[in-house]
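Asker: Oh and the sequence shown: position 550 is 552 in my numbering, straight run, nothing missing. By construction, the Cβ of each residue, glycine as well, lies at the ideal position given by its N, Cα and C atoms. Only a predicted model underlies this, so the values are computations on that prediction, with no experimental measurement involved. My questions all concern the structure below.
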Amino acid sequence: MNTSKFKHALFGEPFPTSMALHERLDKVRGLAIFASDPISSNAYATEAVMSILIVMGSGALAMTMPIVMAIAALVLIVVFSYIQTILHYPNGGGSYIVAKDNLGTLPSLIAAGALLTDYSLTVSVSVSAGIRAIVSAFPDIYDYRVLLALGTIALLTWMNLRGVRESGSVFALPTYAFIGGVFLIIVIGLARSFELFGAAPIVPQAISGEMLTEDLTQLGMIWILLRAFAAGCTALTGIEAISDGVQAFQPPESKNAAQTMVAMGIIAMTLFVGISFLSTRLNLIPAHHDSLLSQLTRTIAGEGFLYYWVQIFTMLILVLAANTGYQDFPRLGYFLARDKFMPRWMTNQGDRLVFNGGIITLAIISSIVVIIFQADEFAMLPLYAIGVMLSFTISQAGMVKLMSKVSKLKPGETLDTLETHLHHEKGWQWKRIVNAVGALTTAIVFVVLVVTKFAEGAWIIVVVIPLIIYMFYSINQHYASVANSLSTRTIEEREISDVADVVILPIGDVHRGTLRALQFAEKISSDVRAVYISTDPSLKERFLQRWKKFPTLTEKVNLIGIDYDYRDFLTPLIEYIEQVNNVEFPDHSITVVIPEILTNSLTSSVLHNKTALLLRNRLRQNLDIIIIEIPLHILPPEKKPEFEISGVADEVDAPLDDEEPASD
């Protein structure tokens, strides 16, 4: 199987560019791909709140529902904000594009850097959490958790490289199975809790304890409540995903994306509030060895089919929640690369019409994180959600600014910005207020997360984001330098240097490769100089004998022999080339033709000298030297040579000598 067939078998047949629209997502697949992260957070968001409150005693768990409702309200605000983002920026880009259009370059790069770290951690944390669920069931494979996590990342990478629609079909089953299972548990739990439809009642477990207020100041209580609120805000992770990937949806893109965002918000908050309500009503308490969702499912439905259904698909959706990162990291990378803040190859789509460069880059980064933290999601959690809260704050602040622009437009007036087209809107006042409240709230959550988790590892994100921003600016400056060097705006035709009528051909021996290079050199110049460096008189005599065998090619060539008493023959060769360039043709460019032997395998290539490579690297430092490579492919013995030299074919086919060429 050749390389092309193997590639097609592994990733599928290439899609023509005209299939790009067909590969876009409908709302069903779109919800499965983009909503897996925020929906899967219901597996631990309630537990995150209660785990902080329990510090004040089991009686403090009564505060769970007020905090959960506050988080649900914040989620609705953020969802509303991103619906506005989708409708106003139908080409996608999320926080980065909103900030770029309204707040400037630096805020947009801060948002981009925050999101790139968050998407990377989404993959690392989600995969590690899923592997922990597997390892918990099969303790004997604990020592292989890192390898299992890396294998899972490789599997997710492969699935995404096969294309968006194909990966969406795979992810749909676990996502909808998780939603259906948990929703059924909530319905049964409510029916049994309120004794509806004749359902058997549930007896809440006994709980003892009160809030331990005597050892806490009022400020201390407020701080713990803020920490609980911030911890529960993991329910917000992944909400921005749809706004980044608007163009992944089928037309009308913005309408379908907005409707998917609404569905995601409703589903995620229904599950979040339902789990939280039943957990507090049944007096469940977080336990290290048994997740809150597991306790809830067991209490309501026992350890039957439904329990294992929920547990299995909880594990699967936690792993597949990583797909949010796989969808949005490459798209954000595309927008950054388009604006010259990331490598240009991030804009390239592969055979399956996905951004291969971004997918592979994300896989590498998340794999490194998994290795560093040994697939321990609890060690990574302090780094998690900080980036997304920062991007939320910047995005909503940008939408406040956008609504201020809209406020200045009268009915019928329009305004074109860098990224979108604005018109007068009714209700811009309350839209701006909602965005402002959201920006303020997520800013507070961001500060609380940074302060409370700084010593636990959040300092890494505080350091990494500025480094990423520095990288953005460095890449941008490089591209600006390249553009300035290539620009024709300030150059006149008379300033363009001429190409001298001279070709220098470094030659170590006479063989098919050098004869082919000679033939080419004579086609492009009347002054061809073959430069031979002699370090051994006997080899020089042998070289001259072989040279004279082909007078048709060599009689018009100026053979420059340089005797040199050292083994470093590149030094005199380069000195001669620079002499011709700087002294004979000081205001011209000269051409150097370099013959090179290419083998048909990597292993055989290491058996040859890399003289041509070394020479190219040395000559590339000179501004006025044009390098042309003439390859000679070494074919298996049963195949004919791939070329014949005009006028001397019979001589070339005959053996040149009893010996092999002295140099390649």
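If distances are taken between C-alpha atoms only, which option among Ser591, Lys612, Ile506 and Leu63 comes closest to Leu284?
Answerer: Of the candidates Ser591, Lys612, Ile506 and Leu63, the one whose C-alpha sits nearest the C-alpha of Leu284 is Leu63.
Asker: Work out the CA separation of Thr556 and Val650 for me, nearest whole Å.
Answerer: The pLDDT assigned to Val650 is 45, lower than 50, so where the model puts this residue is not dependable; a value taken from the coordinates is nonetheless given after this. Straight-line Cα distance between these residues: approximately 11 Å.
Asker: Only counting the same chain, and skipping five residues up and downstream in sequence, which positions put a Cβ closer than 6 Å to that of Lys410?
Answerer: Once the five neighbours on either side are set aside, Lys410 has no close Cβ partner at all.
Asker: Per DSSP, what are the beta-bridge partners of Tyr534 in this structure?
Answerer: Looking at the DSSP assignment, Tyr534 forms a beta bridge with Gly563.
Asker: Going by DSSP, what residues sit across from Asp292 in a beta bridge?
Answerer: Looking at the DSSP assignment, Asp292 forms a beta bridge with Ala289.
Asker: Going by beta carbon distance, what residues of the same chain come within less than 7 Å of Arg229, once the five residues before and after it are set aside?
Answerer: Counting only Cβ-Cβ distances below 7 Å, and skipping sequence neighbours, we find Ile54, Val450 and Thr454.
Asker: If you follow the beta strand (DSSP E) that Asp418 is part of, which residue opens it and which one closes it?
Answerer: Per DSSP, Asp418 belongs to the beta strand (DSSP E) from Thr416 to Asp418.
Asker: Work out the CA separation of Ala34 and Ala265 for me, nearest whole Å.
Answerer: Rounded to the nearest angstrom, the two C-alpha atoms are 11 Å apart.
Asker: Rounded to whole angstroms, what is the Cα-Cα separation between Ser130 and Val372?
Answerer: Answer to the nearest angstrom: the Cα atoms are 8 Å apart.
Asker: So what's Ala303 in DSSP terms, helix, strand or just coil?
Answerer: Three-state result, Ala303: helix.
Asker: Among Ala377, His90 and Gly389, which has the Cα closest to the Cα of Tyr144?
Answerer: Checking every option, the nearest Cα to that of Tyr144 belongs to Ala377.
Asker: Label Pro254 either buried or exposed according to how many other C-beta atoms from any shown protein chain fall within 10 Å of its C-beta, with 16 as the threshold for buried.
Answerer: Under this definition Pro254 is an exposed residue.
Asker: For the segment 337–353 and the segment 192–199, state whether three or more C-beta atom pairs, one from each stretch, are separated by less than 8 Å.
Answerer: Touching, no, given that fewer than three Cβ pairs across the two stretches are closer than 8 Å.
Asker: At the level of alpha carbons, what is the spacing between Thr236 and Glu427?
Answerer: Straight-line Cα distance between these residues: approximately 33 Å.
Asker: Are the segment 625–632 and the segment 586–594 touching, with three or more C-beta to C-beta distances below 8 Å?
Answerer: Result yes; three or more Cβ-Cβ pairs closer than 8 Å.
Asker: Measuring straight from C-alpha to C-alpha, what distance separates Tyr84 and Leu78?
Answerer: One C-alpha to the other measures close to 10 Å.
Asker: Could you name the residues that DSSP lists as bridge partners for Thr593?
Answerer: Thr593 is bridged to Val505 and Ile628.
Asker: Is it buried or exposed for Gln313, if we count other Cβ within 10 angstroms and need 16 for buried?
Answerer: With 16 or more other Cβ atoms within 10 Å, it is buried.
Asker: In the segment 411–459, which residue ranges form an unbroken alpha helix (DSSP H) of at least 4 residues, counting only runs that do not cross its ends?
Answerer: Counting whole runs of 4 or more residues, the segment 411–459 contains the alpha helix (DSSP H) stretches 430–455.
Asker: Following the continuous alpha helix (DSSP H) through Trp1, name the residue where it begins and the one where it ends.
Answerer: Residue 1 lies beyond the stretch modelled for the chain, which goes from 3 to 666, so this question has no answer here.
Asker: Contact between the segment 101–109 and the segment 305–323: three or more CB pairs below 8 Å?
Answerer: Not touching, per the Cβ criterion.
Asker: So Thr326 is in the alpha helix (DSSP H); what residue range does that whole segment cover?
Answerer: Thr326 -> alpha helix (DSSP H) spans Asn325 to Arg340.
Asker: Quick one, are the C-beta atoms of His188 and Leu322 less than 9 Å apart?
Answerer: The residue asked about is misnamed: residue 188 is Ile in this sequence, not His. Contact: no.
Asker: Under three-state DSSP, which class holds Pro203?
Answerer: Pro203: coil per DSSP, three-state reduction.
Asker: Per DSSP, Ile1 is paired with what?
Answerer: Because the chain in this structure spans residues 3 to 666, residue 1 falls outside the shown range and cannot be described.
Asker: Could you say if the segment 380–399 and the segment 455–462 meet the contact criterion of at least three C-beta pairs nearer than 8 Å?
Answerer: Segments in contact, yes.
Asker: Given a cut-off of 9 Å on the beta-carbon distance, is the pair Ala243 and Pro413 in contact?
Answerer: For Ala243 and Pro413, no; Cβs fall outside 9 Å.
Asker: Give me whichever residues DSSP pairs with Asp500 in a beta bridge.
Answerer: DSSP lists His590 as partners of Asp500.
Asker: For Leu488, count the other beta carbons within 10 Å of its own beta carbon; 16 or more makes it buried, fewer makes it exposed. Which is it?
Answerer: Counting Cβ neighbours within 10 Å, Leu488 comes out exposed, since fewer than 16 surround it.
Asker: Would a C-beta distance cut-off of 9 Å place Tyr566 and Ile506 closer than the cut-off?
Answerer: No. Outside cutoff.
Asker: Can you give me the Cβ contacts of Gly352 inside the same chain, cut-off strictly under 6 Å, excluding the 5 residues immediately before and after it?
Answerer: Taken in chain order, the residues that qualify are Asn358.
Asker: Counting C-beta neighbours from all protein chains within 10 Å, is the total for Val512 16 or more, i.e. buried, or is it exposed?
Answerer: That one is buried.
Asker: Exposed or buried, which one is Glu49 when buried takes at least 16 other CB atoms within 10 Å?
Answerer: It is buried - the Cβ of Glu49 has at least 16 other Cβ atoms within 10 Å.
Asker: Look at Leu392 and Ile112 and say whether their C-beta atoms are less than 9 Å apart.
Answerer: It is a contact, given that the beta carbons lie within the stated cut-off.
Asker: Across the segment 528–540 and the segment 614–622, are there enough close Cβ pairs to call them in contact, namely three or more that are closer than 8 Å?
Answerer: No: fewer than three Cβ pairs fall under 8 Å.
Asker: Go through its chain and collect everything with a Cβ distance to Leu561's Cβ below 6 Å, but skip five positions before and after it.
Answerer: Ala532, listed in sequence order.
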